[in-house]
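Position 181 (the sequence shown) corresponds to 181 in full-length UniProt numbering; numbering is contiguous.
By construction, the Cβ of each residue, glycine as well, lies at the ideal position given by its N, Cα and C atoms.
Source: prediction; values computed, not measured.
Encoded as structure tokens, the structure appears first; notes follow it.
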Amino acid sequence: MTAALAVRNLGRDHGGGQAPALDGLNLDVPAGSCLALVGPSGSGKTTALRLVAGLEVPDRGDVLLDGRSVVALPPERRGVSMVFQRPLLFPHLDVLDNVAFSARVAGASRRAARAAAAPFLDLVQMGGYTTRRPGQLSGGQEQRVALARALAARPRVLLLDEAFTGLDVALREDMHELLHQLRAVLEPTVVLVTHDHAEAAALADSVAVLSGGRLLQHGDAGRIYTRPASVTVSRLLGGRNEVPGVVVGGEHRSALGRLRLPTDVAVPDGPAVLLVRQEAVVVTGPDAPGADAAGTVLAVRAAGARRALTVEVVSPGGAAVQVHAETSPGQVFTRGERVGLRLPSSAVSAVPPEDAGTEEPEIADRRTADAGRMPRTHRVASPAVPDAGVRPDAPGAPRRRNHHGDHGT
Numbered sequence: 001m002t003a004a005l006a007v008r009n010l011g012r013d014h015g016g017g018q019a020p021a022l023d024g025l026n027l028d029v030p031a032g033s034c035l036a037l038v039g040p041s042g043s044g045k046t047t048a049l050r051l052v053a054g055l056e057v058p059d060r061g062d063v064l065l066d067g068r069s070v071v072a073l074p075p076e077r078r079g080v081s082m083v084f085q086r087p088l089l090f091p092h093l094d095v096l097d098n099v100a101f102s103a104r105v106a107g108a109s110r111r112a113a114r115a116a117a118a119p120f121l122d123l124v125q126m127g128g129y130t131t132r133r134p135g136q137l138s139g140g141q142e143q144r145v146a147l148a149r150a151l152a153a154r155p156r157v158l159l160l161d162e163a164f165t166g167l168d169v170a171l172r173e174d175m176h177e178l179l180h181q182l183r184a185v186l187e188p189t190v191v192l193v194t195h196d197h198a199e200a201a202a203l204a205d206s207v208a209v210l211s212g213g214r215l216l217q218h219g220d221a222g223r224i225y226t227r228p229a230s231v232t233v234s235r236l237l238g239g240r241n242e243v244p245g246v247v248v249g250g251e252h253r254s255a256l257g258r259l260r261l262p263t264d265v266a267v268p269d270g271p272a273v274l275l276v277r278q279e280a281v282v283v284t285g286p287d288a289p290g291a292d293a294a295g296t297v298l299a300v301r302a303a304g305a306r307r308a309l310t311v312e313v314v315s316p317g318g319a320a321v322q323v324h325a326e327t328s329p330g331q332v333f334t335r336g337e338r339v340g341l342r343l344p345s346s347a348v349s350a351v352p353p354e355d356a357g358t359e360e361p362e363i364a365d366r367r368t369a370d371a372g373r374m375p376r377t378h379r380v381a382s383p384a385v386p387d388a389g390v391r392p393d394a395p396g397a398p399r400r401r402n403h404h405g406d407h408g409t
């Protein structure tokens, strides 16, 4: 069974005169859909999940499942399960008993709880590991068991807090595929927190961008990247191209020349910043037909099978602008080479300029790191609690090791 999730004016204060950890969050997540929360560290993402799970108490606002408030209910009665970056399995229980734990807490016999748990291990492809202890598993296997334990509680809403962050690339891709399969079979309502923009785009139906405890934009995952509401949202979603200019009659004019804006981009005449995803910029030969601009390659760096280029475009009047692009696999360009750039209209947008003094510190740090060709990484550690709905203080709960680490918000 799944449920529509809604939060209304949800807030959580730090106290001591500090800005709120979460300030008036309003979100709707349709039943069976997946929402990704993205934003810098300290933006309120994990706080939002913990308030939905009942692991923290809001200072204001409400949490509703299918229109009914659950904010007064304890975690184990909400129908919500949460999986953290660390699996947090009970070390002295084998895999099957870890997954059976929520049923045991609910009063089921050991035999019945184990019988109920087994299908969930099969779902996460861990059916052959029932008698192993967590210490005998790899990190990816532990996370699969943690996911099975959360699902065995039969949640109406599944919360994933950086659940795949600690895995290597291949394992993360495996977990992404597993989540797609689980969604097809169980149709849970899912909310995931991630710093990985590619992960959000690959897994979520919609994306919500948070910063400073506030919601900046919430929209369809296929659209929000190409139609950000502001320069700040574009940066938080990993966008790197910002071309200053002016809009006149639906046309953006800048050092790149004159570009007709898509009809669904509504920006008034006047100063405006052209935004275009670097992944969408098509790099061609300098004289290729259909190129919107031509420039000189200033820098080339590896980006997996692709190459990330920085191209300088100089207008006839001498104004210069840098454009970031990613080549297709197999394309090779060198520093100093002349290239053409095509900007697909589906990936082009424009927004009013913002006060540079309002830039988030973490965004400024990332941009400085990018300038030095050293991409910024994010570290988020999990809170020291097991899945919501599997409470460590519940009657009969097994003893476990303490975990220590930073708490992301």
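Decide if residue i is buried, meaning its Cβ has at least 16 other Cβ atoms within 10 Å, or exposed.
{"i": "H180", "result": "exposed"}
{"i": "A388", "result": "Because A388 carries a pLDDT of 43, less than 50, the predicted location of this residue cannot be relied on, and no value is offered for it."}
{"i": "A112", "result": "exposed"}
{"i": "R301", "result": "exposed"}
{"i": "T377", "result": "Because T377 sits at a pLDDT of 31, beneath the cut-off of 50, its placement in the model cannot be relied upon, and the point is left open."}
{"i": "T263", "result": "exposed"}
{"i": "S109", "result": "exposed"}
{"i": "V57", "result": "exposed"}
{"i": "L96", "result": "buried"}
{"i": "A184", "result": "exposed"}
{"i": "R258", "result": "exposed"}
{"i": "residue 478", "result": "Nothing in the structure corresponds to residue 478, since the chain is present only between 1 and 409."}
{"i": "R307", "result": "buried"}
{"i": "G318", "result": "exposed"}
{"i": "P87", "result": "buried"}
{"i": "S328", "result": "exposed"}
{"i": "G17", "result": "exposed"}
{"i": "A266", "result": "exposed"}
{"i": "G107", "result": "exposed"}
{"i": "P352", "result": "exposed"}
Report the option in the options whose CA atom is closest to the CA atom of residue i.
{"i": "D269", "options": "L37, A221, F101 and G245", "result": "G245"}
{"i": "V71", "options": "N9, G39 and V348", "result": "N9"}
{"i": "G54", "options": "L186, S206, L73 and L37", "result": "L73"}
{"i": "I224", "options": "H324, L49 and A347", "result": "A347"}
{"i": "A350", "options": "E279, R253 and M126", "result": "R253"}
{"i": "G304", "options": "A294, N241, V169 and T296", "result": "V169"}
{"i": "A163", "options": "G318, G238 and Q143", "result": "Q143"}
{"i": "V297", "options": "A153, L261, T334 and F120", "result": "T334"}
{"i": "Q331", "options": "V265, T284 and L216", "result": "T284"}
{"i": "A48", "options": "D196, P329, L160 and G67", "result": "L160"}
{"i": "V29", "options": "V52, L216 and Y129", "result": "V52"}
{"i": "L274", "options": "Y129, A255 and P119", "result": "A255"}
{"i": "E326", "options": "V314, P352 and A299", "result": "A299"}
{"i": "V105", "options": "L137, A153 and F120", "result": "A153"}
Out of curiosity, what's the CA-to-CA distance linking residue i and residue j?
{"i": "T226", "j": "E76", "result": "39 Å"}
{"i": "G249", "j": "A202", "result": "36 Å"}
{"i": "T165", "j": "R78", "result": "26 Å"}
{"i": "R367", "j": "G15", "result": "With a pLDDT of only 44 at R367, under the threshold of 50, the placement of this residue in the model should not be trusted; the figure read from the coordinates follows. The straight-line gap from Cα to Cα measures roughly 31 Å."}
{"i": "T46", "j": "E337", "result": "45 Å"}
{"i": "G357", "j": "V339", "result": "Unreliable positioning characterises G357 in this predicted model, as indicated by a pLDDT of 40, which lies under 50. The coordinate reading is nonetheless provided below. Their backbone Cα atoms lie some 34 Å apart in a straight line."}
{"i": "P177", "j": "S43", "result": "One point to set straight first is that residue 177 is Glu, not Pro, in the sequence displayed. So the two alpha carbons sit approximately 28 Å from each other."}
{"i": "F84", "j": "G139", "result": "13 Å"}
{"i": "G213", "j": "R12", "result": "9 Å"}
{"i": "D122", "j": "L309", "result": "45 Å"}
{"i": "L22", "j": "P155", "result": "24 Å"}
{"i": "E312", "j": "L341", "result": "11 Å"}
{"i": "A115", "j": "G127", "result": "12 Å"}
{"i": "G39", "j": "S211", "result": "6 Å"}
{"i": "S69", "j": "A19", "result": "26 Å"}
{"i": "E173", "j": "L182", "result": "14 Å"}
{"i": "R240", "j": "A3", "result": "37 Å"}
{"i": "L158", "j": "E199", "result": "17 Å"}
{"i": "A6", "j": "V276", "result": "32 Å"}
{"i": "E279", "j": "V247", "result": "24 Å"}
{"i": "A288", "j": "L343", "result": "13 Å"}
{"i": "P316", "j": "S230", "result": "29 Å"}
{"i": "E281", "j": "V323", "result": "The amino acid at residue 281 is misidentified as Glu; the sequence shows Val. The straight-line gap from Cα to Cα measures roughly 9 Å."}
{"i": "A272", "j": "P286", "result": "27 Å"}
{"i": "A117", "j": "S41", "result": "35 Å"}
{"i": "A294", "j": "E354", "result": "27 Å"}
Heavy atom of the ligand MG less than 7 Å from the Cβ of residue i, yes or no?
{"i": "V71", "result": "As presented, the structure is devoid of all ligands, the ligand MG included, so that no description of it is given."}
So within the stretch 124 to 189, which uninterrupted beta strand (DSSP E) runs reach at least 3 residues, ignoring any that extend past its ends?
157 to 161
| query | Touching or not, the stretch 126 to 136 and the stretch 82 to 98, by the rule of three or more beta carbon pairs under 8 Å? | reply | yes
Given 8 Å as the limit, is there contact between the stretch 229 to 245 and the stretch 58 to 68, that is, 3 or more CB pairs closer than that? no
request  = Mind the definition here: the stretch 188 to 195 touches the stretch 25 to 36 only if three or more C-beta pairs lie below 8 Å; say whether that holds.
outcome  = Short answer: they touch.
Hey, which unbroken runs of the beta strand (DSSP E) at 3 residues or more fall wholly within the stretch 278 to 347?
-> 282 to 284, 293 to 303, 306 to 314, 320 to 326 and 338 to 342
Q. Would you call the stretch 141 to 156 and the stretch 97 to 109 in contact, with 3 or more CB pairs under 8 Å?
A. yes
Self-check item: Whole alpha helix (DSSP H) elements within the stretch 206 to 231, 4-residue minimum
Solution: 221 to 224
Notebook entry, point to check: Which parts of the stretch 26 to 84 are runs of the alpha helix (DSSP H), unbroken and 4 residues or longer, counting only runs that do not cross its ends?
Noted result: Those alpha helix (DSSP H) runs which fall completely within the stretch 26 to 84 and span 4+ residues are 45 to 53.
Runs of beta strand (DSSP E) lying entirely within the stretch 233 to 267, each at least 3 residues, in chain order
242 to 248, 251 to 254 and 257 to 260
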